[in-house]
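Novice: Residue numbers (UniProt numbering): 1 to 264. Idealized CB from N, CA, C, for every residue including glycine. Structure provided below as structure tokens; questions to follow.
Structure representation (structure tokens):
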């Protein structure tokens with residue numbers, strides 16, 4: 001495939017999708033874990049099947065896949081990026097979940113194989129709530145909103161390091177709410193898909209914290225709708241420290257998330 005071919009990114013996506021199944025990497029593991037009993041799929045066969053699957057999905061999309069206006073894609077940090085010259089009417093986003101896996105970890109095989117990074121941890125830099133951020137907890141916690149402080153100090157007695165990580169995430173999300181307000185037109189709105197979780201027995205109510213952050217940032221109203229999740233059955237439980245597990249525990253994995261719609 002020539003380097004300048006417009007189809008090259010499509011084949012990269014197909015290759016990325018088969019990497020784990022064609023390796024001895026444990027299929028459901030996020031961190032590197034060898035499965036000595038796993039039989040990797042044949043690479044050529046898996047690749048061709050994935051390309052065919054993607055082509056079929058494109059055909060089924062019909063008019064929805066027809067070329068439209070060229071997207072203007074920016075790779076930037078929402079906390080520091082310059083606001084658009086022309087305000088936007090709608091923002092749709094799904095923030096990362098606090099205390100869950102780092103999203104860079106999920107894509108480490110693709111990142112390394114395709115040469116996007118020499119060390120996949122480079123991709124974490126600047127991400128929302130990333131441990132790459134420095135936080136002075138004694139000073140930083142004062143900037144948390146009411147719900148954020150409640151959660152962080154409840155967690156602090158269980159795990160001080162985790163509490164600092166959650167505080168870091170909450171502070172970033174409060175700034176995200178402010179930036180979204182900057183980007184929107186006078187009658188614009190922002191939509192967030194976000195879920196809650198537990199850590200050390202403490203509920204991390206991301207949806208409630210973000211709702212308060214949006215209202216404090218200056219949004220006039222925030223509507224919330226529950227959205228059931230029906231396809232997270234591979235690892236349906238969490239262990240005592242919040243990690244995914246297949247072993248049945250008293251605490252099932254969250255089966256819902258929230259759609260927050262914030263109006264100016």
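In chain order, what residues of the same chain have a beta carbon less than 8 Å from the beta carbon of residue 202, not counting five sequence neighbours either side?
Specialist: Taking the chain shown and counting its residues from 1, the one referred to as residue 202 is at position 202. So the qualifying residues of the chain are 151, 154, 155, 158.
Novice: Just verifying my parser: in three-state terms, what is the DSSP assignment at residue 47?
Specialist: Position 47 of the chain shown, counting from 1, holds the residue named residue 47. Looking at residue 47 - three-state DSSP - the assignment turns out to be helix.
Novice: Going by DSSP, what residue range makes up the alpha helix (DSSP H) through residue 266?
Specialist: Only positions 1 to 264 of the chain appear in this structure, which leaves residue 266 out of reach.
Novice: Classify residue 218: buried if its beta carbon has 16 or more other beta carbons within 10 angstroms, exposed otherwise.
Specialist: On the chain shown, position 218 is the one that residue 218 refers to. Its Cβ having fewer than 16 others within 10 Å, residue 218 is exposed.
Novice: On the DSSP letters alone, give me the boundaries of the beta strand (DSSP E) that residue 256 sits inside.
Specialist: To locate residue 256, count along the chain shown from 1; it is residue 256. Element bounds for residue 256: 256 to 263.
Novice: If you reduce the DSSP assignment to three classes, tell me which class residue 7 lands in.
Specialist: Here the question's residue 7 lines up with position 7 in the chain shown. Residue 7: coil per DSSP, three-state reduction.
Novice: Answer yes or no: does any C-beta atom of chain B fall closer than 9 Å to that of residue 95?
Specialist: Protein chain content of the structure displayed is limited to a single chain, and chain B is not contained in it.
Novice: Would you call the CB atoms of residue 173 and residue 128 closer than 9 Å?
Specialist: Within the chain shown, residue 173 is the residue found at index 173, counting from 1. Within the chain shown, residue 128 is the residue found at index 128, counting from 1. Going by C-beta atoms, residue 173 is nearer than 9 Å to residue 128.
Novice: Tell me whether residue 188 sits in a helix, a strand or coil according to DSSP, three-state version.
Specialist: What you label residue 188 is simply residue 188 of the chain shown in a count that begins at 1. Strand at residue 188.
Novice: Under the rule that 16 or more other beta-carbon atoms within 10 Å means buried, what is residue 209, buried or exposed?
Specialist: Taking the chain shown and counting its residues from 1, the one referred to as residue 209 is at position 209. Buried: at least 16 other Cβ atoms inside 10 Å.
Novice: Rounded to a whole number of angstroms, what is the C-alpha to C-alpha distance between residue 51 and residue 34?
Specialist: One-based indexing of the chain shown puts residue 51 at position 51. One-based indexing of the chain shown puts residue 34 at position 34. In a straight line, the C-alpha of residue 51 is about 27 Å away from that of residue 34.
Novice: Report the partner residues of residue 268 according to the DSSP bridge assignment.
Specialist: Coverage of the chain is limited to positions 1 through 264, which leaves residue 268 absent and any answer about it impossible.
Novice: Going by beta carbon distance, what residues of the same chain come within less than 7 Å of residue 9, once the five residues before and after it are set aside?
Specialist: Against the chain shown, residue 9 aligns to sequence position 9. Nothing listed; no residue qualifies.
Novice: Secondary structure at residue 132, three-state DSSP: helix, strand or coil?
Specialist: Locating residue 132 in the chain shown gives position 132, counting from the first residue. In this prediction, residue 132 has a pLDDT of 47, which is less than 50 and means its spatial position is unreliable; what the coordinates show is noted afterwards. The answer is coil: DSSP assigns residue 132 none of H, G, I, E or B.
Novice: Measuring straight from C-alpha to C-alpha, what distance separates residue 268 and residue 144?
Specialist: Past the boundaries of the shown model lies residue 268; the chain is included only from 1 to 264, so the question cannot be answered.
Novice: Look up residue 91 in the DSSP assignment and say whether it is helix, strand or coil.
Specialist: The count along the chain shown starts at 1 and reaches residue 91 at position 91. Strand, per DSSP.
Novice: If you compare alpha carbons, which of 206, 199, 212 is closest to residue 266?
Specialist: For residue 266 there is no data in the structure shown, the boundaries of the chain being 1 and 264.
Novice: Assuming contact is defined by CB atoms lying nearer than 9 Å, are residue 90 and residue 195 in contact in what I supplied?
Specialist: Translated into the one-based positions of the chain shown, residue 90 becomes position 90. Translated into the one-based positions of the chain shown, residue 195 becomes position 195. Not in contact: residue 90 and residue 195 (Cβ atoms no closer than 9 Å).
Novice: Please report the straight-line C-alpha distance between residue 87 and residue 20, rounded to a whole angstrom.
Specialist: Here residue 87 refers to the residue found at position 87 of the chain shown. Here residue 20 refers to the residue found at position 20 of the chain shown. Looking at the two C-alpha atoms, the distance is approximately 41 Å.
Novice: Helix or strand or just coil, what does DSSP make of residue 229?
Specialist: Residue mapping note: residue 229 aligns to position 229 of the chain shown, counting from 1. If DSSP states are grouped into helix, strand and coil, residue 229 belongs with coil.
Novice: What's the gap between the Cα of residue 182 and the Cα of residue 71?
Specialist: Position 182 of the chain shown, counted from the start, is the residue given in the question as residue 182. Position 71 of the chain shown, counted from the start, is the residue given in the question as residue 71. The alpha-carbon atoms of residue 182 and residue 71 are separated by roughly 21 Å.
Novice: Helix, strand or coil: how does DSSP classify residue 152 here?
Specialist: By one-based count along the chain shown, residue 152 stands at place 152. If DSSP states are grouped into helix, strand and coil, residue 152 belongs with the helices.
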